[in-house]
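Protein chains in written order, with the working numbering: chain A, 35 to 257; chain B, 35 to 257. A short worksheet on the structure shown next.
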DNA sequence: GTCTATAACCGGATAGAC
DNA sequence: GTCTATCCGGTTATAGAC
């Protein structure tokens, strides 16, 4: 019997993570010490380090788990909606709503996010996996819609929409309005703008501009 | 005789900052300890803290100083150039070129930059001053050019171009190509795109989209 | 009121034994 | 895979000098 995953270790790991997230939510990231996490999970500090390279890596684990949760909430809602604008709104709204309990320390994410040396930054190789899964979701958003998108743009769109989502999240992190009113406003309006931009960009008149923009992306890809 | 500013204290402060920046450049931010900074400047640790609230505040001071340096290099070069695209390129190129010696630890900037709680974040009240000065530069870039810009867009353009600049800087931070080749490519191409977007947005056909976009900005301003 | 010094605190991280 | 003991560096308390 192979118990590689479900053995005691995995259980300890799970409990450490669960406790850490709870403490982060309750007291915020900075005010939660590794000693507290260890105590809450009933282990020693170095044991925590055995399972997680650093305090920030606990955040990475959280990041993964919100993505899973997001998918679970988002995907079913997409099923009965074919309009691109609405589909985008659903994706973004569910994103910030599932992340809401962690709003207080989500800034931390972007903090490390911006550090090129951190493995946690969303552009890094280490984050490739989560990034790909998010980008894939964006691809499904587009492909599942009835929007007509030029082939050249369609190739790049998922990546661009992922950037768009990152921008929305950045805004959300800085948003302290009631019920994140301002972020909801942002999503409502920009989803429409983005959709219109996509449809306009198909027009003959806009082809040169679209080609330049896509050419730029292509250029930037090579080192 | 009032020697509030030029007395010994100011000199100490200057020397601490100079030493800190040198160490940051040579060894990077993380590997430079406050004790080293103090030693190098010939003062004690608590003395460093007397002049700078925290290690991050040393970075803030650096940030200010790069802005001053940028202006000194950028403004003269703008004098003989009336094309908006070229003017944008000048501003952005000089920005990343004057910052080049600090590329290694510039990530740190964005790291704190993205944390909503940090006074160093470029959207914070504490950063209003530097932000305004940067935005003013963008206003001069536009106003000093021969580009025709609709009045409603002109009002928002400096802020938007500042955001554009932040995006370029973010790209630069993650750029480890030789001579920042990729960032230079990005600047070269996007300056043209932005300029074209501005000019296209004046077209009658594009007025509705432009209005929506500007309306969005207006909406987001209110809390 | 401006500045400097000593010593300690606190929390993230690690070494190494078992 | 878990523990004990320790390091290391940012930060602060406190006390006093100019």
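Ideal placement from N, C-alpha and C gives every residue a C-beta, glycine not left out.
From the options, pick the residue whose C-alpha is nearest to that of residue i; which is it?
i: residue 189 of chain B; options: B:247, B:141, B:71, B:113; result: B:247
i: residue 197 of chain A; options: A:112, A:126, A:121, A:179; result: A:126
i: residue 186 of chain A; options: A:68, A:139, A:121, A:244; result: A:244
i: residue 103 of chain B; options: B:133, B:117, B:84; result: B:133
i: residue 260 of chain A; options: A:46, A:54, A:97, A:96; result: One cannot answer for residue 260 of chain A here, as it falls past the ends of chain A, which runs 35 to 257.
i: residue 181 of chain B; options: B:58, B:236, B:54; result: B:236
i: residue 109 of chain B; options: B:117, B:124, B:88; result: B:124
i: residue 210 of chain B; options: B:91, B:90, B:136, B:44; result: B:136
i: residue 174 of chain B; options: B:53, B:202, B:105; result: B:105
i: residue 215 of chain A; options: B:215, B:161, B:256, B:242; result: B:256
i: residue 160 of chain A; options: A:239, A:51, A:91; result: A:91
i: residue 240 of chain B; options: A:249, A:234, A:162; result: A:234
Output yes or no for whether 7 angstroms exceeds the beta carbon distance between residue i and residue j.
i: residue 75 of chain B; j: residue 49 of chain B; result: yes
i: residue 71 of chain A; j: residue 82 of chain A; result: yes
i: residue 221 of chain B; j: residue 141 of chain B; result: no
i: residue 101 of chain B; j: residue 176 of chain B; result: no
i: residue 107 of chain A; j: residue 78 of chain A; result: no
i: residue 138 of chain B; j: residue 62 of chain B; result: yes
i: residue 145 of chain B; j: residue 149 of chain A; result: yes
i: residue 217 of chain A; j: residue 205 of chain A; result: yes
i: residue 169 of chain B; j: residue 192 of chain B; result: yes
i: residue 253 of chain B; j: residue 219 of chain A; result: yes
i: residue 42 of chain A; j: residue 68 of chain A; result: no
Report, in whole angstroms, the separation of the C-beta atoms of residue i and residue j, which I expect to be a contact under 8 angstroms.
i: residue 113 of chain A; j: residue 121 of chain A; result: In fact, because the Cβ distance is near 10 angstroms, the residues do not count as touching under 8 angstroms.
i: residue 153 of chain A; j: residue 200 of chain A; result: With a Cβ gap of about 17 angstroms, residue 153 of chain A and residue 200 of chain A do not count as contacting.
i: residue 232 of chain A; j: residue 183 of chain A; result: 6 angstroms
i: residue 226 of chain B; j: residue 119 of chain B; result: 5 angstroms
i: residue 172 of chain A; j: residue 143 of chain A; result: Not really, about 19 angstroms apart at Cβ, beyond 8 angstroms.
i: residue 96 of chain B; j: residue 55 of chain B; result: 6 angstroms
Say yes only if the C-beta of residue i is nearer than 6 angstroms to one or more non-hydrogen atoms of the ligand GTP, and no if none qualify.
i: residue 120 of chain B; result: With respect to the ligand GTP, the structure offers nothing, as it holds no ligand at all.
Please list the segments of the beta strand (DSSP E) lying wholly inside the segment 158-220 of chain A, counting only runs of 3 or more residues, in order along the chain.
none
Length at least 3, wholly inside the segment 105-133 of chain B: the beta strand (DSSP E) runs in chain order:
none
Tell me the start and end of each unbroken alpha helix (DSSP H) in the segment 73-107 of chain A that is at least 4 residues and wholly inside, in chain order.
79-85
Quick one: complete alpha helix (DSSP H) runs, 4+ long, within the segment 43-78 of chain A?
68-75
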